[in-house]
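Read the structure below first, then the notes.
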Amino acid sequence: MRPSKQPRAIKTRDRILREAARMFAMKRFHDTFGCRRLLVGLQTASVVCVLMMSQTSFAEPNVRHVIAYHKDGEFAGWPANGGLWMWDDEILVGYERWTHDPNPSSRHHTMTPRLGESLSRSKDGGSTWQVEDRSLSELADPDMNFLGQDFALRLWRQSYFTSSNRGRDWHGPFGLPAFRNHKAYARSNYIITSRNSAFLFLSTLPQDEAPARSFLARMDSNPPGFAFVSWIGNDYLDRSRVVPQTDTYRHAIMPSGLQIGDRRYVCAVRQRVGSDRWSDLYETRDNGETWSFLSTIERGSDNPISLLSLGGDVVTAIYGWRSKPYGLRAKISRDAGRTWSDHIVLRDNALNCDIGYTRAAVRSDGTVVIAYYYATEDRPEQHISVTFWRPSPTGQE
-19 MRPSKQPRAI KTRDRILREA ARMFAMKRFH DTFGCRRLLV GLQTASVVCV
31 LMMSQTSFAE PNVRHVIAYH KDGEFAGWPA NGGLWMWDDE ILVGYERWTH
81 DPNPSSRHHT MTPRLGESLS RSKDGGSTWQ VEDRSLSELA DPDMNFLGQD
131 FALRLWRQSY FTSSNRGRDW HGPFGLPAFR NHKAYARSNY IITSRNSAFL
181 FLSTLPQDEA PARSFLARMD SNPPGFAFVS WIGNDYLDRS RVVPQTDTYR
231 HAIMPSGLQI GDRRYVCAVR QRVGSDRWSD LYETRDNGET WSFLSTIERG
281 SDNPISLLSL GGDVVTAIYG WRSKPYGLRA KISRDAGRTW SDHIVLRDNA
331 LNCDIGYTRA AVRSDGTVVI AYYYATEDRP EQHISVTFWR PSPTGQE
């Protein structure tokens, strides 16, 4: 596997040390005053390096990358919305396809007419991928079993689909109802709770003065139906909060839920107020009835989080990074989300900031498989990339 590029702070430190060795070798600073100047300079440079390295985890993670879908002239994106499912070594990922615009009028997004939705499947743990056509039936599944070993649920905007054969055939689309008089905006993020029930992590659409919010809903299959459970995260119309009420950009959306224990869940929420962008984590210990703030995962990614359990209280948060250097990052928590490691740079060679929307799963061998959309100098069209990552046992990459 190719190592990732060496982090900037480490390069700076090594360059300083090489220069110091060169100056000593040339005997330019063997006088007392010169040595003192050199020592002061090295001390200052060391402090700078420490400060730089304290902001981000710079060690090289154990990663490799493959492409799940790429086509010249096309823009493929948003697997976090399309969904990812894993059955042993079989993986299915969904995404959208558009026509790529090589000369965009804005920096985000570089595409124009929509071509449709697609699925790519791997049968070898993610190493190779094949594009599949979707088979749709408008008839509901007569025996929908959430616990079925080949079951898949796909949530997309105001609709949902179900499959009982690993996504080869789908029933749908079926419409989602309004919740608390709000239209839902769905992504394929759900947690199965029983044979006939699942928790859905959804967002509302902005409505009148109301910014978009995240909430928890329950889906039942027998009898079929939906129910609002609770709001997750901030209410930006709460006048007790210090939030500019006239700010156009206010939201708490794209929730990513994870079960930690019996009746205990955590949920990452993508937050924005004006130009301030960050990701918060909320926790419930009463089966989703109430949520409380737990921690801030990161600031500045401007990307939804993908939460993943690594066993016990070890959790990883994975996200696209839309600040320079653009790429893919992660953090690890060893206390179920209360505290987090520094940024772990999984990749930092993206062509631009139009990347990310990760969805991840863990293989039986402990390898984390991450699907996201990406663009590089070699492949300037946004495509679906997959990264394989083996997190360090100590949580420090």
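Residue 219 in our numbering sits at position 239 of the sequence shown, with consecutive numbering throughout.
Glycine included, each C-beta is placed from N, C-alpha and C at the ideal position.
Model, not experiment: these values are computed from the prediction.
For residue 70, the closest of 267, 106, 140 by C-alpha to C-alpha distance is 106. Between the alpha carbons of residue 77 and residue 99 lies a distance of about 10 Å.
By the Cβ neighbour-count rule, residue 272 is exposed, with fewer than 16 other Cβ atoms within 10 Å of its own.
Within the model, the alpha-carbon separation for residue 57 versus residue 359 is close to 14 Å. Of the candidates 243, 242, 241, 249, the residue whose Cα lies closest to the Cα of residue 232 is 249. Leaving aside the five residues that flank residue 92 on each side, the residues in its chain whose CB is nearer than 6 Å to its CB run, in chain order, 79, 81. In this structure, the alpha-carbon of residue 59 lies about 25 Å from that of residue 159.
In this structure, the alpha-carbon of residue 140 lies about 13 Å from that of residue 204. Judged by beta-carbon spacing, residue 183 lies within the 8 Å limit of residue 234, meaning their Cβ atoms are closer than that value.
Counting C-beta pairs closer than 8 Å gives three or more between the stretch 161 to 174 and the stretch 118 to 137, which meets the contact rule. The beta carbon of residue 148 is closer than 8 Å to those of 112, 115 in its chain, skipping five residues each way along the sequence. If you ignore the 5 residues before and after residue 172, its C-beta comes within less than 6 Å of the C-beta of 126, 178, all in its own chain and listed in chain order.
Within the stretch 148 to 196, the complete beta strand (DSSP E) segments of 3 residues or longer fall at 149 to 155, 170 to 174, 177 to 184, listed in chain order. Sequence-distant partners of residue 298 (beyond 5 residues in either direction) whose C-beta falls short of 6 Å from its own C-beta, in its chain, are 286, 310, 338, 340, 350. Taking residue 364 as reference, the option from 371, 74, 43, 283 with the minimal CA-CA separation is 74. If you ignore the 5 residues before and after residue 103, its C-beta comes within less than 7 Å of the C-beta of 69, 70, all in its own chain and listed in chain order. The criterion of a C-beta distance shorter than 8 Å is satisfied by residue 212 and residue 194.
When the beta-carbon positions are compared, residue 146 and residue 72 come within less than 8 Å of each other.
The Cβ-Cβ distance between residue 367 and residue 326 falls below 8 Å. Taking 3 residues as the shortest admissible run, the stretch 248 to 282 contains the following complete beta strand (DSSP E) segments, listed from N- to C-terminal end: 256 to 264, 272 to 279. For residue 372 and residue 53, the gap between their C-alpha atoms comes out near 38 Å. Rounded to the nearest angstrom, the gap between the Cα atoms of residue 246 and residue 316 is 8 Å.
An exposed status is given to residue 256, since fewer than 16 other beta-carbon atoms sit within 10 Å of its beta-carbon.
Between residue 307 and residue 328, the CB-CB gap stays under 8 Å. The continuous alpha helix (DSSP H) containing residue 62 extends over residues 59 to 62. In the three-state reduction of the DSSP assignment, residue 200 falls in the strand class, which pools E and B. Each of 260, 121, 130 was checked against the Cα of residue 319, and the nearest Cα belongs to 260.
Residue 265 and residue 51 have their C-alpha atoms roughly 45 Å apart.
For residue 355, there is no enclosing beta strand (DSSP E), as DSSP marks it with neither H nor E.
The C-beta of residue 188 has fewer than 16 other C-beta atoms within 10 Å across all chains shown, which makes the residue exposed. Residue burial is scored here from C-beta neighbours: residue 175 has fewer than 16 other C-beta atoms within 10 angstroms and is therefore classed as exposed.
When 240, 335, 290 are compared, the shortest CA-CA separation from residue 281 is found for 335.
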